[in-house]
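Chemist:
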Amino acid sequence: FSPDGQLLATGGQDSLLKVWVLKSAQPHFDDFSRMTADPSKQQNEILTRRFHEFHQTISSESITPTINSKLGLNEMQAPLYPRPFCQLNGHQAPVLDVAWSKSLFLLSSSMDKTVRLWHLSRLECLCFFRHVDFVSAIAFHPRDDRYFVSASLDGHVRLWNIPDKRVVYWTLIPAQASSQITAAQANLITAVNFCDDGRKVIVGTFDGRFLLYTDSLQYDTVMNIGDEHGSRNHRSRKKRRKPYKITGIESMNSNSSKVLITSNDSRIRLYDIRTKEIERKYRGYSNQSSQIRASFSHDDRYIISGSEDSWFYIWRTEPSTIINTNGSSTTDAKLTRKQRRHFDRVFERIRVHNTMVTSAIFAPNPNSIMDHLYSSNLPLISDSLSQTNRSNNSSNLPRSASTTISTATPIVNSSRARFICIKITNISININMDNQNIDLLSIDKRR
1 FSPDGQLLAT GGQDSLLKVW VLKSAQPHFD DFSRMTADPS KQQNEILTRR FHEFHQTISS
61 ESITPTINSK LGLNEMQAPL YPRPFCQLNG HQAPVLDVAW SKSLFLLSSS MDKTVRLWHL
121 SRLECLCFFR HVDFVSAIAF HPRDDRYFVS ASLDGHVRLW NIPDKRVVYW TLIPAQASSQ
181 ITAAQANLIT AVNFCDDGRK VIVGTFDGRF LLYTDSLQYD TVMNIGDEHG SRNHRSRKKR
241 RKPYKITGIE SMNSNSSKVL ITSNDSRIRL YDIRTKEIER KYRGYSNQSS QIRASFSHDD
301 RYIISGSEDS WFYIWRTEPS TIINTNGSST TDAKLTRKQR RHFDRVFERI RVHNTMVTSA
361 IFAPNPNSIM DHLYSSNLPL ISDSLSQTNR SNNSSNLPRS ASTTISTATP IVNSSRARFI
421 CIKITNISIN INMDNQNIDL LSIDKRR
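Heads up, the sequence shown is in UniProt numbering, so the first residue is 1 and it goes up one at a time.
As structure tokens, then:
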């Protein structure tokens, strides 16, 4: 999603970059067809024709759905049009990552060894940045979107200046000797992002390391997901298990020193980069070999992730205070390590595809989507896919306690079958220790 939540960008194996627009924001972005400053008459004519085709499509599709339509009323109720607002051509190989700036410029990285810069007022990329290997990850600087960071499979991290179209800083990550990976895999970079409000760059690798650098790419420290306590003392670690690839790095919105690390051991970990400690681990989903990336909700209260088992999963970032039946309270700080593990397994899971869910994200501006749904004058369609998941292994949790998590927020997810689904879910995660079980309920879901 773009930062304002009005645009959604998708990329994949077809090498195409597609941009989808909220129905409520469509009139605003129609103005791009008239505001374009491209002097090329042919470019203007093509752009105008594309917007005209889009208008014709949405007009015919929004009047009434066909009786035999598989989506029916859902199509009218959907906050996004079924046809992309625009399709951007340029990459010669699959798209690996996309990133929006606050000023609505769009970056895309690809297996064609380039990063391309786009804007909706142009059908062609504004410029491209060459690399010597696949560009696995990109991110705009959070405070100054004249800069972005890129990571490629040649082991290099580069900080680019967009106006000057040049590399400002670069570094080669150190290879770590291991008997379990080849020399070629030792410095493969699989994830990158800014953290600490842009003052740090964090790099994830194929062998499970994440390295911290300054904003000028000076080395700071390294941690490893195999070290559950976050210690940097290699001697204190137990015998290393198989290295697990880091597949995603996300910085928390409200506390930029906390980062979410997704990896191929089917775990998601919350780290504090200032203390160099792991704060929480989230389990339940499946991520053995895919490039699945977990992310936060707009208010950081929840975490969402796709999964290889055809579901997507939601966790609460921090367990709330548990109120016991005797009136006392148990806070997260007072729970034992075993008790905390149970909270890490408290998740909501929802199935909307029959194939792997490659991506799942919360809408950054849920009100804009909810306003559309409630103003559509259409019945909200119940989803019959909701299920209840129980865990009977809760003997270590405090008894006579309960807590409830509830929220209503739009979720977008995609699958290998090339479908994009939007779900509006009222999440309710109930933990009831009186009955010694954990009930995970999903109610009032709409697709």
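Glycine included, each C-beta is placed from N, C-alpha and C at the ideal position.
1. Could you give the residue range of the beta strand (DSSP E) that holds Phe347?
2. Given a threshold of 16 other Cβ atoms within 10 Å of its Cβ, counted over all protein chains shown, does Asn89 qualify as buried or as exposed?
3. Start and end of the beta strand (DSSP E) containing His156?
4. Distance cutoff 9 Å, beta carbons only. Does His91 sit that close to anything in chain C?
5. Starting from the C-beta of Arg146, find all residues in its chain whose C-beta is less than 7 Å away, skip the five residues before and the five after it, and write them out in chain order.
6. In the DSSP assignment, what residue or residues form a beta bridge with Ala99?
7. In terms of residue numbering, what span does the alpha helix (DSSP H) encompassing Gln87 cover?
8. Is the segment 126-140 touching the segment 168-178 in the sense that three or more CB pairs, one from each, lie closer than 8 Å?
9. Per DSSP, what kind of secondary structure is Asp30 in: helix, strand or coil?
10. Counting only runs that start and end within the segment 245-272, where is the beta strand (DSSP E) found for 3 or more residues in a row?
11. Compute the distance between the beta-carbons of Tyr313 and Arg349, then report whether it is under 9 Å.
12. Nearest to Ser263 by alpha carbon, out of Gly284, Tyr219 and Lys276?
13. Counting along the chain, where does the beta strand (DSSP E) carrying Leu117 start and finish?
14. Closer than 6 Å by C-beta to Lys18: which residues in its own chain qualify, once you throw out the five before and the five after it? Chain order, please.
15. Identify which residue in Ala191, Pro142, Glu124 and Lys242 has its Cα closest to the Cα of Thr182.
16. Compare the C-alpha of Lys165 against each of Val115, Asp220 and Leu80 and name the closest.
17. Quick check on Asp14: does DSSP put it in helix, strand or coil?
18. If you draw a straight line from the C-alpha of Asp309 to the C-alpha of His353, how long is it?
19. Per the DSSP calculation, Asn224 is bridged to which residue(s)?
20. Count the other C-beta atoms from every protein chain shown that fall within 10 angstroms of the C-beta of Glu250, then say buried if there are 16 or more, exposed otherwise.
21. Given a threshold of 16 other Cβ atoms within 10 Å of its Cβ, counted over all protein chains shown, does His28 qualify as buried or as exposed?
22. Can the beta-carbon of residue 491 be found closer than 9 Å to that of Gly226?
23. Thinking just about the alpha-carbon of each residue, which of Gln288, Ser216, Met252 and Val259 is nearest to the one in residue 520?
24. Could you have a look at Gln92 and say whether DSSP puts it in helix, strand or coil?
25. Based on DSSP bridge pairs, tell me the residues matched to Tyr147.
26. Please state if the CB of Ala93 and the CB of Ser15 are separated by a distance shorter than 9 Å.
27. How is Ala191 classed by DSSP in three states: helix, strand or coil?
28. To the nearest angstrom, how far is it from the Cα of His372 to the Cα of Pro364?
29. For Thr221, count neighbouring C-beta atoms within 10 Å of its own C-beta (all shown protein chains included) and say buried if the count is 16 or more, exposed if not.
30. Please report the residue range of the beta strand (DSSP E) in which Tyr302 lies.
31. If you run the structure through DSSP and keep just helix, strand and coil, what is Ala9?
32. Would you grab the beta carbon distance between Ser256 and Met356 for me? Rounded to a whole angstrom, and I think it's under 8 Å.
33. Kindly give me the distance between the Cβ atoms of Leu117 and Val412, rounded to whole angstroms, as I take these residues to be in contact under 8 Å.
Modeler: Taking the structure as given:
1. The residue you call residue 347 lines up with position 347 of the sequence shown. Segment Phe347 to Arg351, the beta strand (DSSP E) holding Phe347.
2. Taking the first residue of the sequence shown as position 1, residue 89 is located at position 89. Burial call: exposed.
3. Here residue 156 refers to the residue found at position 156 of the sequence shown. Unbroken beta strand (DSSP E) run through His156: His156 to Asn161.
4. Here there is only one protein chain, and chain C is not present.
5. Within the sequence shown, numbered from 1, the residue matching residue 146 stands at position 146. Only Asn161, Ile162 and Pro163 meet the Cβ criterion.
6. Numbered from 1 along the sequence shown, position 99 holds the residue referred to as residue 99. Ala99 is bridged to Leu107.
7. Numbered from 1 along the sequence shown, position 87 holds the residue referred to as residue 87. No alpha helix (DSSP H) contains Gln87, which is instead part of the beta strand (DSSP E) from Cys86 to Leu88.
8. no
9. By one-based count along the sequence shown, residue 30 stands at place 30. It is helical.
10. 246-251, 258-263 and 267-272
11. Mapped onto the sequence shown, residue 313 falls at position 313. Mapped onto the sequence shown, residue 349 falls at position 349. The answer is yes: Cβ separation under 9 Å.
12. Indexing the sequence shown from 1 puts residue 263 at position 263. Of the listed residues, the one whose Cα sits closest to Ser263 is Gly284.
13. Here residue 117 corresponds to residue number 117 of the sequence shown, with the count starting at 1. Counting along the chain, the beta strand (DSSP E) containing Leu117 begins and ends at Thr114 to Trp118.
14. Residue 18 sits at position 18 when you count from the first residue of the sequence shown. Cβ neighbours of Lys18 beyond the five flanking positions: Thr10, Pro84 and Gln87.
15. In the sequence shown, residue 182 corresponds to position 182, counting from 1. Among Ala191, Pro142, Glu124 and Lys242, the Cα nearest to that of Thr182 belongs to Lys242.
16. Locating residue 165 in the sequence shown gives position 165, where the first residue counts as 1. When only C-alpha atoms are compared, the closest one is Val115.
17. For this step, residue 14 is matched to residue 14 along the sequence shown. Here Asp14 sits in coil by DSSP.
18. As a working note, residue 309 is residue 309 in the sequence shown. As a working note, residue 353 is residue 353 in the sequence shown. Approximately 10 Å between the Cα atoms of the pair.
19. For this step, residue 224 is matched to residue 224 along the sequence shown. Per DSSP, Arg209.
20. In the sequence shown, the residue the question calls residue 250 occupies position 250. Glu250 comes out buried.
21. Here the question's residue 28 lines up with position 28 in the sequence shown. Its Cβ having fewer than 16 others within 10 Å, His28 is exposed.
22. Given that the chain is displayed from residue 1 to residue 447, the structure contains no residue 491 and the question cannot be resolved.
23. The structure shown does not extend to residue 520, since the chain spans only 1 to 447, so no value can be given for it.
24. Working through the sequence shown from its first residue, we reach residue 92 at position 92. Correct three-state label for Gln92: coil.
25. Reading the sequence shown from its first residue, position 147 is the one you call residue 147. In DSSP, Tyr147 forms a bridge with Asn161.
26. Counted from its first residue, the sequence shown places residue 15 at position 15. Counted from its first residue, the sequence shown places residue 93 at position 93. A contact, by the Cβ cut-off of 9 Å.
27. By one-based count along the sequence shown, residue 191 stands at place 191. In this structure, Ala191 counts as strand in the three-state DSSP scheme.
28. Along the sequence shown, one-based indexing puts residue 372 at 372. Along the sequence shown, one-based indexing puts residue 364 at 364. Taking the straight line joining both Cα atoms gives about 15 Å.
29. Walking along the sequence shown from the start, residue 221 turns up at place 221. Counting Cβ neighbours within 10 Å, Thr221 comes out exposed, since fewer than 16 surround it.
30. Counting from one through the sequence shown, the residue named residue 302 turns up at place 302. That run of the beta strand (DSSP E) goes Tyr302 to Ser305.
31. For this step, residue 9 is matched to residue 9 along the sequence shown. In this structure, Ala9 counts as strand in the three-state DSSP scheme.
32. Residue mapping note: residue 256 aligns to position 256 of the sequence shown, counting from 1. Residue mapping note: residue 356 aligns to position 356 of the sequence shown, counting from 1. Not really, about 31 Å apart at Cβ, beyond 8 Å.
33. As a first step, residue 117 is located in the sequence shown; it is residue number 117 there, counting from the start. As a first step, residue 412 is located in the sequence shown; it is residue number 412 there, counting from the start. The pair is not a contact, with the Cβ atoms about 24 Å apart (cut-off 8 Å).
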